[in-house]
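Note sheet for the following structure.
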Amino acid sequence: MTELTTRKCIACEGGMPHLMANEIEELHKQVPQWEIEDWHELKRRLKFKNFAEALAFVAKVGTLAESENHHPTIKFGWGFAEITTFTHAVDGLSENDFILAAKINRFLEK
């Protein structure tokens, strides 16, 4: 399986199928820190020491989302950030969601 962090998100259009459960399970092995919500979205909640750290993390995710043209829902506040991603065009999960999750994970390794 190709490392997700080496892949680039591709534009999805309506009419494309979302990933099936077996495909989701296989890709999830590369981002086990993320929760699968109703086979429809990926979610990860993170803790930070303060608001400034959460804000800095969210800014990095925003820059990444723009460069990948795949935009998650981001909630954050003092000491936390929550990222949720799914592919609107397919109304479910696509490989793009797993690529984005893997690349977000890299920020946490540094």
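Counting from 191, one number per residue, gives the positions in the sequence shown under this note's numbering.
Backbone N, C-alpha and C define an ideal beta-carbon position, used for all residues, glycine too.
All values derive from a computational prediction rather than experimental measurement.
query, result
"Quick one: what's got a C-beta closer than 7 Å to Thr195's C-beta in the same chain, skipping five residues either side?", "Ala292, Lys293, Arg296"
"Residues in the same chain with beta-carbon distance under 6 Å from Glu272, minus the five sequence neighbours each way, listed in chain order, please.", "Arg235, Lys265"
"For the candidate residues Phe247, Gln220, Asp287, whose alpha-carbon lies nearest to that of Thr274?", "Asp287"
"Pull up the distance between the alpha-carbon of Phe270 and that of Glu299, whole angstroms please.", "17 Å"
"Am I right that Leu290 and Glu231 are in contact with their C-beta atoms under 8 Å? What's the rounded C-beta distance?", "With a Cβ gap of about 12 Å, Leu290 and Glu231 do not count as contacting."
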